[in-house]
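Take a look at the structure below.
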Amino acid sequence: MYRALYRKWRPKTFSDVVGQVGITAALQNQIIHGKIGHAYLFTGTRGTGKTSCAKIFAKAVNCPHRNGADPCCECDICKGIDNGSIMDVVEIDAASNNGVDNIRDLRDETAYTPSQCTYKVYIIDEVHMLSTAAFNALLKIMEEPPAHVIFILATTEIHKVPATILSRCQRYDFMRIKPQDIEARLLYVAGQEGIQLAKDAAELISRLADGAMRDALSILDTCAGVGGEVTQQLVRRMAGVTDKGYLFDISDAVLRADAAGVLALVAQLREKSVDVKRLCDELILHYRNLLLAGVPGGQELLMGTSAEEQARYEQAARSVSPQAAVCAVKVLSDALDKMGKGTDARIELELALFNLCQPQEMRAAQPATPAPRPQPASAPQQEAVRPFTAAATPVIPAVPTQAMAETQAPVQAPAEQKAGTEDTPPWEGAASKEAASSAMPPPAQAQKPMPEPEQLAEQEPPAEAPLHAPEQAPLSEPSPSPEKAAPVSQAPAAKPAARAGAPGELAPFAQWPQIVAAMQEKDQLLYANMKDTKAYFDGRRVWIDGTELFLEFMRRNEYSSGLIKDVIEQVSGKRYLIGPYQKAGKKAAAAAPTAQQTLEALAQLGVQVEYEDEQKGKKPL
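For the sequence shown, our numbering gives the first residue as 460, with consecutive numbering after it.
Right under this line is the structure:
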């Protein structure tokens, strides 16, 4: 019966182990000096030699004719351990024997002395799969085992092993095998098996193995089954990987923003049965190499590249900026993550490459540069960066009906004076105070006299302002006293706040789509709620128009409102206050007069009105 190469060429001595020189040297010294521990823990990725070293160690401590620290592999004990006929060396798969009963049986067996060997060795593979009860059952026997018992635990997920187990073991971390070591081993095995293996093919297999010798031997075994010489083209076809030339063609098309060309290349590779996930992974590594090739000293960190490929990377890196390479890695990594969640791999890769061809997507992933912002004609440039103060805060008044507007008296109090009590920013709170204290005051503000204590108390915003659109003060509110209004009126160029928020003076916030796009990288939940919102700008504050649920959430969540202001500052280059925008109809409905008040107002205007009473019929007002 044919044996697979990874089984046939499994290391039998410490000298056969590839890429783990430090670990094998430590184990050999313990065997030579007779300082053998009772529990060992081998951890590392797949195919790095954990189980092989465990079996070699079990043979070495029991071999009566060992050569130094290596077993002879010729005696009955060594052969019995290799074929599994020796009952004193037990290999347990914890993935299928993970119950507490299995560990209890093992614990009972340790009481018996070995029948043929010097030590009883228990190799527990994938030990992290044991249940909590099984770990507890194993704990005591591992702490104080009999003198003739040795435990060797192997795992790929060390973080799942309890700390109580780790503290009772000698831990050895198996590193990924270097591609150069894998390549040399493959050429040796191919020579012994009579396989014609090209050097560039062995190099490609070593990169595809990703540090696992077992994977490398399996790929070689697959390619050798085709017959003839194992070439690089054969390895690419059998392993379903793309040539480096296609990777450069794709990156060049992305650089030219040729979306159609990129999609055509993907379609061609698809027809050649190239694995899409593997192609995406190769593109991520490709852009990583482009990033490192453009960094001084980064050429030495290129992974799995030949001298010719390294030169090509250095040439291509001159046209690709580091920001563009980082953006490509992020976009492709997100696509690869979505592929693992069940979505169509081809569509995800095409969407990722299409997005990379769009200039706006590239700019969104890069640090935003400050851009000039349009300013309303009525708002001075100086007021656009002014921090929040109680005076001159814009308002968005509710629009009353014409009849109600004619019956109400004009407001006598300046809007500047009322802003201190009624125009409190709904989303500011303590954050607005901090921003106001840290910002530099404008020159006009520096000349204002110090307000009186009672005025400061009046301008202090409440701890939690209710969610409402900024509006004018109630019309029935009496005018402020001259003593309190005097300091405010001394400010030069003071404008009534109502004029800044009058209907028609609010303009759409031009940079809001960019802000929403930038929020996608900051907070996915906040982005999902902001993507359908709109924003308006009055020269000093950004008013956000969204659902009532979103506005209520923003009022209660200081972190989210602060994050929005940070993103606004990042995109626009200036920090603005924010607030909830509500249409005037909502506030007008809240303050709508009763039916009787409306009828009386119409009557005062000379309109003849009749109303119908169910009992007395129609009557004039």
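We put the CB at the ideal spot given by N, CA and C, even for glycine.
Quick caveat, the model's predicted, so the values are computed rather than measured.
One alpha carbon belongs to L486, the other to G508, and they sit about 14 Å apart. Assignment of alpha helix (DSSP H) within the stretch 505–586, counting only whole runs of 4 or more residues, yields 509–521, 535–542, 559–568 in chain order.
About 4 Å separates the CB atoms of P1039 and L1010; that is less than 8 Å, so the two are in contact. Between A966 and V1026, the CB-CB gap reaches or exceeds 9 Å.
L589 sits in coil when the DSSP states are folded into three classes, being neither helix nor strand. In the three-state reduction of the DSSP assignment, Y461 falls in the coil class.
In this chain, I491 is not harboured by any beta strand (DSSP E); it is covered by the alpha helix (DSSP H) spanning 480–491. Ranked by Cα distance from A613, the first of L760, A661, C512, S677 is C512.
In this structure, I974 sits away from S1020, with a CB-CB distance that is not shorter than 9 Å. Under the three-state reduction of DSSP, K993 is assigned to strand. Under DSSP, F610 takes part in a beta bridge, and its partners are A498, Y581.
Taking a C-beta distance under 9 Å as the contact criterion, V725 and I709 qualify as a contact pair.
Judged by pairs of C-beta atoms under 8 Å, the stretch 534–544 does not touch the stretch 489–497, as fewer than three such pairs exist. Each residue's CA atom was taken as its position, placing K467 and D475 some 13 Å apart. Of all C-beta pairs linking the stretch 674–682 to the stretch 635–650, three or more are shorter than 8 Å, placing the two stretches in contact. Cβ-Cβ distances below 7 Å link T577 to V520, N521 in the same chain, with the five nearest sequence neighbours on each side left out; the list follows chain order. For I1003, the secondary structure class from DSSP, reduced to helix, strand or coil, is strand. Under the three-state reduction of DSSP, Y1035 is assigned to coil, being neither helix nor strand. Ranked by how close their Cα comes to the Cα of T510, the residues H524, I545, I551, Q489 have I551 in first place.
Cβ neighbours of L750 within its own chain (closer than 7 Å, five residues either side excluded): P781, A784, V785.
Sixteen is the threshold: since fewer than 16 other Cβ atoms of the shown chains lie within 10 Å of the Cβ of H524, the residue is exposed. Residue state for A661 is assigned as helix, using DSSP reduced to three classes.
For the 9 Å CB-CB criterion, E688 and L667 do not form a contact. Counted as a single uninterrupted DSSP element, the stretch harbouring Q655 is not any alpha helix (DSSP H), since DSSP gives it neither H nor E.
Taking the CA atoms as reference points, E809 sits about 38 Å from R644. Within the same chain, Cβ atoms closer than 8 Å to the Cβ of L985 are found at M978, S1019, L1022, I1023, the five residues on either side in sequence being excluded. Counting C-beta atoms within 10 angstroms of its own C-beta, H587 has 16 or more neighbours from the protein chains shown and is therefore classed as buried.
For I583, the number of other beta carbons within 10 angstroms of its own is at least 16, and it is reported as buried. The residues A596, in chain order, have a CB closer than 8 Å to that of R563 in the same chain once the five nearest residues on each side in sequence are set aside.
In the structure shown, the three-state DSSP call for Y1018 is helix. The beta carbon of Y746 sits closer than 6 Å to the beta carbons of A784, A787, V788 from its chain, once the five residues preceding and following it are set aside; these are given in chain order. Of the residues E741, A649, A987, the one whose Cα lies closest to the Cα of C682 is A649. According to the DSSP secondary-structure assignment, G503 is paired through a beta bridge with F633. When the Cα atoms are used, V779 and V713 turn out to be separated by approximately 10 Å. Between E616 and E642, the gap from beta carbon to beta carbon reaches 9 Å or more. Under the three-state reduction of DSSP output, V1030 falls in the helix class.
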